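Engineer:
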Amino acid sequence: MIITKQVFTDFQAGRIQGFYHEVYPSLLTYAVRCLGEAYGYLAEDCVQESIFKAYNRSSDFVSANQLKNYLYVCIHNDAVSVLRKHYSRQNYLREQVDMEEDVHRAIIEQETVDLLYDAIAKLPDDLHTVFMLSFEQGLKNAEVGQRMGISESAVKKKKAKMIQLLRDYFAGNEKVLALLAIITSSSIV
Numbered sequence: 102m103i104i105t106k107q108v109f110t111d112f113q114a115g116r117i118q119g120f121y122h123e124v125y126p127s128l129l130t131y132a133v134r135c136l137g138e139a140y141g142y143l144a145e146d147c148v149q150e151s152i153f154k155a156y157n158r159s160s161d162f163v164s165a166n167q168l169k170n171y172l173y174v175c176i177h178n179d180a181v182s183v184l185r186k187h188y189s190r191q192n193y194l195r196e197q198v199d200m201e202e203d204v205h206r207a208i209i210e211q212e213t214v215d216l217l218y219d220a221i222a223k224l225p226d227d228l229h230t231v232f233m234l235s236f237e238q239g240l241k242n243a244e245v246g247q248r249m250g251i252s253e254s255a256v257k258k259k260k261a262k263m264i265q266l267l268r269d270y271f272a273g274n275e276k277v278l279a280l281l282a283i284i285t286s287s288s289i290v
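Counting from 1, position 166 in the sequence shown corresponds to residue 267 in the working numbering; the numbering is continuous, with no gaps.
Encoded structure:
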């Protein structure tokens with residue numbers, strides 16, 4: 102998640118439309134990950150509560166990074182609180198230690214996914230469409246070709262070009278390259 106200087110300045114001034122547009126989706130994804138599948142439906146509550154807390158303290162933040170860290174901690178704490186209530190009968194507190202480790206990994210994973218999706222958004226339109234249809238919607242190459250009005254072999258070539266552009270873009274960033282390898286292992290052909 103990246104909070105631009107403009108979004109940060111606007112947030113401190115009480116203008117939060119840009120914040121919701123640029124930051125809210127990443128926070129929501131992070132909250133869902135913290136809560137897990139069973140309680141993901143409570144993610145919006147955690148995010149809204151965290152934003153409300155941050156908004157009330159907006160003058161205390163001196164940087165966008167400080168705001169981002171505060172939001173992550175608030176969401177994590179709210180998620181833990183929700184899970185404690187729901188898992189109390191099942192001895193949730195024993196799993197607390199594991200969750201702390203998972204939180205750090207989840208933050209790193211979320212930041213990596215955000216970097217990848219930012220790069221994907223910068224791809225040419227045809228390659229972006231191939232990504233959305235192939236990897237997000239799970240369509241087969243023939244189906245992608247049919248929707249785009251191109252041959253199956255053209256889809257394969259576009260996928261290969263897209264992956265190469267992303268590899269070049271992230272050269273030297275091992276975590277993003279590993280994520281890219283996982284995503285594309287579902288099949289380039």
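We put the beta carbon where it would ideally sit given N, CA and C, even for glycine. This structure is a prediction, so every number in the text was calculated from the model and none was measured.
Our contact map puts Asp219 next to Ser127 with C-beta atoms below 8 Å; I'd like the distance itself, whole angstroms only.
Structural biologist: As a working mapping, residue 219 is identified with position 118 in the sequence shown. As a working mapping, residue 127 is identified with position 26 in the sequence shown. Not quite, the Cβ-Cβ distance comes to about 10 Å (not below 8 Å), so this is no contact.
Engineer: DSSP three-state label for Leu240, please.
Structural biologist: Working through the sequence shown from its first residue, we reach residue 240 at position 139. If DSSP states are grouped into helix, strand and coil, Leu240 belongs with coil.
Engineer: Note down, one range per segment and in chain order, each alpha helix (DSSP H) of at least 4 residues found wholly within the stretch 119-203.
Structural biologist: You should have 125-140, 144-157 and 165-188.
Engineer: Can you grab the Cα-Cα spacing for the pair Ala282 / Met200, in whole Å?
Structural biologist: One-based indexing of the sequence shown puts residue 282 at position 181. One-based indexing of the sequence shown puts residue 200 at position 99. Spanning the two alpha carbons is a distance of roughly 26 Å.
Engineer: Around the Cβ of Ser151, are there at least 16 other Cβ atoms within 10 angstroms (buried) or fewer (exposed)?
Structural biologist: One-based indexing of the sequence shown puts residue 151 at position 50. Buried, because 16 or more other Cβ atoms sit within 10 Å of the Cβ of Ser151.
Engineer: Should Lys106 go down as buried or exposed, given a rule of 16 or more other Cβ atoms within 10 Å for buried?
Structural biologist: The count along the sequence shown starts at 1 and reaches residue 106 at position 5. Per the 10 Å Cβ criterion, exposed.
Engineer: Quick one, are the C-beta atoms of Ala180 and Leu228 less than 8 Å apart?
Structural biologist: The residue given as residue 180 occupies position 79 in the sequence shown. The residue given as residue 228 occupies position 127 in the sequence shown. Contact flag unset, no.
Engineer: Looking at the unbroken alpha helix (DSSP H) that takes in Thr230, where does it start and where does it end?
Structural biologist: Walking along the sequence shown from the start, residue 230 turns up at place 129. Asp226 to Phe232 is the extent of the alpha helix (DSSP H) around Thr230.
Engineer: In angstroms with no decimal places, state the Cα-to-Cα distance between Lys154 and Ile104.
Structural biologist: Sequence index remark: in the sequence shown, residue 154 carries index 53 (1-based). Sequence index remark: in the sequence shown, residue 104 carries index 3 (1-based). Lys154 and Ile104: Cα-Cα distance of roughly 17 Å.
Engineer: Helix, strand or coil: how does DSSP classify Arg248 here?
Structural biologist: In the sequence shown, the residue the question calls residue 248 occupies position 147. Helix at Arg248.
Engineer: Put Ala282 into one of helix, strand or coil per three-state DSSP.
Structural biologist: In the sequence shown, counting from the first residue as 1, residue 282 sits at position 181. Note: Ala282 maps to helix in three-state DSSP.
Engineer: Would Met263 pass as a contact of Leu224 if the rule is Cβ separation under 8 Å?
Structural biologist: On the sequence shown, residue 263 is found 162 positions in, with the first residue counted as 1. On the sequence shown, residue 224 is found 123 positions in, with the first residue counted as 1. Yes; because the gap between Cβ atoms is below 8 Å, this pair is in contact.
Engineer: Can you tell me whether DSSP reads Ser264 as helix, strand or coil?
Structural biologist: Mapped onto the sequence shown, residue 264 falls at position 163. One detail in the question is off: residue 264 reads as Ile in this sequence, not Ser. Correct three-state label for Ile264: helix.
Engineer: In the structure shown, what three-state DSSP assignment does Arg116 receive?
Structural biologist: The count along the sequence shown starts at 1 and reaches residue 116 at position 15. Note: Arg116 maps to coil in three-state DSSP.
Engineer: Taking Gln113 as the reference, which of Tyr156, Val204 and Ile221 has the closest Cα?
Structural biologist: As a working note, residue 113 is residue 12 in the sequence shown. For the residues Tyr156, Val204 and Ile221, the minimum Cα distance to Gln113 belongs to Tyr156.
Engineer: If I measure Cβ to Cβ from Ala165 and keep anything under 6 Å in the same chain, skipping five residues before and after, which residues do I get?
Structural biologist: What you label residue 165 is simply residue 64 of the sequence shown in a count that begins at 1. Closer than 6 Å at the Cβ level, and outside the excluded window around Ala165, lie Ile104 and Phe109.
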